[in-house]
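**Q**
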Amino acid sequence: MSSSAFQHCSKEGEDNISAVIQCVSDALETKNESLKNGLDAFYLIYATSLVFFMQAGFAMLCAGCVRAKNVQNSMLKNLLDACGAALGFWSVGYAFAYGGGLRDDDSYSFIG
1062 MSSSAFQHCS KEGEDNISAV IQCVSDALET KNESLKNGLD AFYLIYATSL VFFMQAGFAM
1122 LCAGCVRAKN VQNSMLKNLL DACGAALGFW SVGYAFAYGG GLRDDDSYSF IG
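According to the numbering used here, the sequence shown is numbered sequentially starting from 1062.
1. Are the CB atoms of C1135 and C1123 nearer to each other than 7 Å?
2. Roughly how many angstroms lie between the CA atoms of C1126 and A1146, to the nearest whole one?
3. I'd like to know whether the C-beta atoms of A1174 and N1139 end up nearer to each other than 7 Å.
4. Quick check: the Cα distance between A1129 and L1100, rounded to an integer number of angstroms?
5. When you compare only the Cα positions, how much space is there between L1054 and A1156?
6. Does DSSP classify M1062 as helix, strand or coil?
7. Could you give the DSSP three-state label for V1236: helix, strand or coil?
8. Measuring alpha carbon to alpha carbon, tell me which residue in L1105, L1141, F1103, N1131 is nearest A1117.
Next comes the structure, spelled out in structure tokens:
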């Protein structure tokens, strides 16, 4: 934790040590929550990029397994597969991955 946050907390409750401890605890909890959200977003983008590179690899594999006149059809099928998967994740996959609702309280959860 930065010294400025500790100084801010110590100025608020100079005489009450429990207030200073509570203030520091709240500051750490806020920083921990923002770090968790940042890591969740990074992992989501990283895993998505790996999946789309894998999809491109499958497209190349399929292109090598068909005759030259059918490559365009195979690529279109792979593109539609990727688009369908993206729409599926948008519609229900995010709820499986992260759950929760639109409200801030933890009592409401759709799936996760």
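Note that CB positions come from ideal geometry on N, CA and C, so glycine has one too.
**A** Once the coordinates are examined:
1. According to the sequence provided, residue 1135 is Ser. The question's Cys does not apply to it. It is a contact, given that the beta carbons lie within the stated cut-off.
2. 23 Å
3. This structure leaves residue 1174 out entirely; the chain is present only between 1062 and 1173.
4. 43 Å
5. Coverage of the chain is limited to positions 1062 through 1173, which leaves residue 1054 absent and any answer about it impossible.
6. The predicted model places M1062 with a pLDDT of 48, which falls under 50 and marks its position as unreliable; any figure quoted below should be read in that light. M1062 falls in the coil class under three-state DSSP.
7. Coverage of the chain is limited to positions 1062 through 1173, which leaves residue 1236 absent and any answer about it impossible.
8. L1141
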